[in-house]
Amino acid sequence: MAVRTALRKQVEVDSPTRRIAIGAVFLVLGLITLFVFASGVGPEDQSSFGLNASGATTQVDPWKVPALTALYVIAAFVLGAGGYQMFRGFHHRTNQVLALVVFAFMFGFLVWAAAGKSLNLAGLVSTTLSKAVPITLGALSGILCERAGVVNIAIEGMMLSGALTGAIVGSVSGSLWVGLLAAMLTGLLMALLHGWLSIKYKVNQIISGTVINIFATGLTSYISAKFLQHNEALNNPGIFQPFNIPGLVDIPFIGAILFRNNIFVYALFIFLIVMQVALFNTRWGLRMRAVGEHPKAADTLGINVIRTRYYSVMLGGLMAGFAGGYFTLGSVGRFDEVMTAGRGFIGLAAMIFGNWTPFGSFGAGLLFGFADALATRLAILQIPIPSEFLLMAPYVATMIILAGVVGRSQAPAADGVPYEKE
Amino acid sequence: MKRSLSLVLAILVIASFLLAACQPAQPAAEQPAAEQPAADTSGKPGGKVVYVVNGVQGDKSFIDSAVRGIRQAQEEFGLDVKIIEAGIDPARWEPALVDAAANEEYDILIVGSWQMAEFLQKVAPKYPDKKFFIYDVSVDYAACDCKNVYSVQYKQNEGSYLAGYYAGLMTQADVEGMNAEPILGVVGAQPIPVIDDFIVGFKHGAKDAGIDPESGVIVQYAGGWNDPAKGKEIALAMYQQGADIVFQVAGGTGEGVFKAAQESGRFAIGVDSDQAMILKDTNPELANVIVTSMMKNVDNSLYRAFQMHFAGTLPYGSQEVLGVKEGGVGVAYNEYFDKYTPADIKEKLKKVEQDLLDGKIKVDTVLQ
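If you read the sequences in order, they're chains R and Z. Here my numbering is used: the first residue of the first sequence is 19, the next is one more, and so on. Here my numbering is used: the first residue of the second sequence is 27, the next is one more, and so on.
Printed below as a string of structure tokens:
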């Protein structure tokens, strides 16, 4: 299997069509930088980037970039990369170069947008991180399920119902921690339903997931309209406040971004590391992946496929419930109808883009979070793009990525296939 | 096995649709007839009133204000009030109104906000012996035979002018919590005329206080009325960009703006109701960041309409526009305002308010 995967990747990355297509994309980005951005700024314009996130303990002076020079440098780099890619190709380094070029282009965009004005870069990065949290947690939930071979598109519904119970139980009990626990258990309950339908009864997993999503939307909207809107006491749990990690928070620029957050952000980092190690460096992870890739072989070797899948889906449910808790207990401190707004589905996209790996998904989550955060900033900088289009940004980014800009990812081989013991 | 499974799936799906669908049919409020002692109604004119809410109660601003006015009239005139929530899905608003107009028992039916005008124009002429109030918009009297409809609108530009003038003075003043940059923010719900009327009024006020209305007032729309997460995100970005005070014109979305102000240690201005006083009991920390609210006194205007209705002086078949002069709009002078505002700013604000009353200031508007 591994050999086949590697072979296929080699072929895909090296295909001449893809090489030229990517090269063309680079050239277009370079030309946009040169002719749209660079011609739109004056020779004396400076872009001022603020480097202090809110609550920064060490203040840094804004970083002033001479706009025109910066744009010429970026355009030269992007065009150079495009030309080289067109004619020679970066081969197996294509994706890294792609990431660099996109990064440079986005930076050029910001330089253009902020020319003659100031933009709080630290604030942008910090918003990106907090926007990436629910998306990445959703992706982690998806990884847990799909690595074991169960497609879970019900993450959205699990998150939504977790958000609701988190708000109610948190308000009634007066404890955020109890609320968070309730949110996770709700996710678990939904996951059990999903597992029961799709593992035991081998229902088509997409249908089972869709049912849970519709059910969760209807139920939470009903409860919200019927009880929460009239009963403030049921919908006021408060939120986990950010706290500083002593010492590290004093680092300029990144200190206030990384080390002044609430429990959800720190938990995300812990989950990322734990899952990366557990999936790829432990016996448990190996078994789980075996069940997702080739359940029959795993069964033959004495692994209990059904039980492994149940456990994985339940873990995924806990994770989705935790992500749901973020909305009510980590962000706004109240529940509103359909407040997850498709973040569960974007999480799935992040999982696919991240090739079913924790850190890959986190990278994808950051990208979506950036698109989301950027929309808000651009409106503030009074960029002449209607706000409706800016609000679409995260969804447009999802579609472009899913349309396969980055090349095909590799799903677990038995993903979505019910296991039938012979 | 298969059969029991299909049953479970079917029940789940049906339950979801039922739950989702039966929301609007739920009368939101408890039957007030029960809480009204029978003796109370003697000597009062009485009457049946239905209020169709295109949204949900609990926004602590616009809709709650209307409900407050109706409740006040209920007490005063011994009315029998029923409130029907049509929910946040705009597709359900017209059917809810049509349904209520045809099947409920009422003497007066109340609706509000610009989306409902078009629907009311279709419904009202069918029931010529009933009366209708619509607030925050006027039906098009030239286009429909709406002799039984009373429309009331508000000069939100005047109230917002005061708010903008006040915020403009505050951001330049040496007050704790204000930074050096004279920047203000406005979070609007949607780019619709009524909301834009708030915004031009606010900008005009800020300009008269010495703020550049283009670079000094950051405006952004959240895209909805019930999305506090978006409101919070936008306001956080504005505070990071250097704004000290953000004016929220976005109903329930605005609660996120207050959260952002609280987190950033800055200030916000509420809208429609005196939001600080409403939040004071349940959430004092949140109330503490609301320096004032631009009040659009829907409650007063509806109460006034009932008064005039029973006095026989309410001009059905026409619209009224209430400004600062008529008590339709204004800013909230509450304990938080007193706590944060220096005496000289209070004085200047009073003077400008007097100028508005005297008609000396003509505030920019996008309406008419």
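Even glycine gets a Cβ: it sits at the ideal position worked out from N, Cα and C. These numbers come from a predicted model, not from an experiment.
Quiz item: In chain order, what residues of the same chain lie with their CB nearer than 7 Å to the CB of R:Ala93, ignoring the 5 residues before and after it?
Solution: Gly48, Thr51, Leu52 and Ala56
Exercise. Use the C-beta contact count for Z:Asp238: other C-beta atoms within 10 angstroms, 16 or more gives buried, fewer gives exposed.
Key: exposed
Exercise. Return the residues of the segment 293-313 of chain Z that lie within a Cβ-Cβ distance of less than 8 Å from chain R, sorted by chain order.
Key: Thr308 and Asn309
Quiz item: Do the CB positions of Z:Ile134 and Z:Val75 come within less than 8 Å of each other?
Solution: yes
Quiz item: What's the gap between the Cα of Z:Gly69 and the Cα of Z:Gly104?
Solution: 9 Å
Quiz prompt | Buried or exposed by the 16-neighbour rule on C-beta atoms within 10 Å, applied to Z:Lys71 | solution = For clarity, residue 71 of chain Z is Pro in the given sequence; the question names Lys instead. In summary, Z:Pro71 is exposed, with fewer than 16 beta-carbon neighbours lying within 10 Å of its beta-carbon over all protein chains present.
Quiz item: Relative to the alpha-carbon of Z:Val245, which residue among Z:Asn252, Z:Leu188, Z:Ala232 and Z:Gly236 has its alpha-carbon at the smallest distance?
Solution: That would be Z:Ala232, whose Cα lies nearest to the Cα of Z:Val245.
Quiz prompt | R:Met410, DSSP secondary structure in three states | solution = helix
Quiz item: Which residues, in chain order, does the segment 340-357 of chain R contribute to contact with chain Z at a C-beta distance below 8 Å?
Solution: Phe345, Ser349, Val350, Gly351, Arg352, Asp354, Glu355 and Met357
Quiz item: Within this structure, are the beta carbons of R:Met18 and R:Phe340 separated by less than 8 Å?
Solution: No answer is possible for residue 18 of chain R: the residues shown for chain R start at 19 and end at 440.
Quiz prompt | R:Phe105 versus R:Ser239 - alpha carbon distance | solution = When rounded, the distance between both Cα atoms is 56 Å.
Self-check item: Whole-angstrom distance between R:Trp374 and R:Ile161, CA atom to CA atom
Solution: Straight-line Cα distance between these residues: approximately 6 Å.
Self-check item: Contact list for the segment 40-62 of chain R against chain Z, Cβ threshold 7 Å
Solution: Answer set for the segment 40-62 of chain R: empty.
Practice problem: Between the Cα of Z:Glu144 and those of Z:Gln380, Z:Gly211 and Z:Tyr167, spot the shortest distance and give me the residue it belongs to. | Solution: Z:Tyr167
Quiz prompt | Whether R:Tyr413 touches R:Val323 by CB criterion (8 Å) | solution = no
Quiz item: Among residues of its own chain, excluding the 5 on either side of Z:Asp381, which ones have a beta-carbon nearer than 8 Å to its beta-carbon?
Solution: Ile387
Quiz item: Should Z:Val272 be flagged as near chain R, meaning a C-beta pair shorter than 8 Å?
Solution: no
Self-check item: R:Lys439 in three-state terms, based on DSSP
Solution: coil
Quiz prompt | Near-chain Z residues of the segment 253-284 of chain R - C-beta to any C-beta below 7 Å | solution = Asn254
Quiz prompt | chain Z contacts made by the segment 100-114 of chain R, where a contact means CB separation under 8 Å | solution = Answer in chain order: no residues at all.
Self-check item: Within chain Z, the residues that R:Arg301 reaches when beta carbons sit closer than 7 Å
Solution: Simply none; closest approach about 34 Å.
Quiz item: Would you report the Cα separation of Z:Ser396 and Z:Thr308, rounded to the nearest angstrom?
Solution: Nothing about residue 396 of chain Z can be reported from this structure: the residues present for chain Z run from 27 to 394 only.
Exercise. Mind listing, in chain order, the continuous alpha helix (DSSP H) runs of no fewer than 4 residues lying wholly within the segment 191-218 of chain R?
Key: 194-213
Quiz item: Relative to the alpha-carbon of Z:Ala261, which residue among R:Gly141, R:Ala166 and R:Pro376 has its alpha-carbon at the smallest distance?
Solution: R:Gly141
Quiz prompt | Residues in the segment 252-263 of chain Z having any Cβ partner in chain R nearer than 9 Å | solution = Asn252, Asp253, Pro254, Ala255, Lys256, Gly257, Lys258, Glu259, Ile260, Leu262 and Ala263
Exercise. Within 10 angstroms of the Cβ of Z:Lys285, are there 16 or more other Cβ atoms? Answer buried if so, exposed if not.
Key: buried
Exercise. Determine the direct distance from the alpha carbon of Z:Val137 to that of Z:Phe158, and round the result to whole angstroms.
Key: 8 Å
Quiz prompt | Whole-angstrom distance between Z:Leu305 and Z:Met321, CA atom to CA atom | solution = Here the alpha carbons of Z:Leu305 and Z:Met321 stand approximately 15 Å from one another.
Quiz prompt | Interface flag, Z:Ser290 vs chain R, CB-CB below 8 Å | solution = yes
Self-check item: Test: R:Ser379 CB closer than 8 Å to a CB of chain Z
Solution: no
Quiz prompt | Below-8 Å beta-carbon distance, Z:Gly84 vs any chain R residue | solution = yes
Quiz prompt | Three-way DSSP call (helix, strand, coil) for Z:Thr318 in this model | solution = strand
Quiz item: When you compare each of R:Leu399, R:Leu155, R:Leu396 and R:Trp195 to R:Ala368 by their alpha carbons, which one comes out closest?
Solution: R:Leu155
Quiz item: Got a sec: is the Cβ-Cβ distance from Z:Tyr265 to anything in chain R below 8 Å?
Solution: yes
Self-check item: beta-carbon Z:Phe273 near the ligand PLP non-hydrogen atom, thresh 7 Å
Solution: As presented, the structure is devoid of all ligands, the ligand PLP included, so that no description of it is given.
Quiz prompt | Short Cβ contact (8 Å threshold) for R:Tyr328 with R:Ile217 | solution = yes
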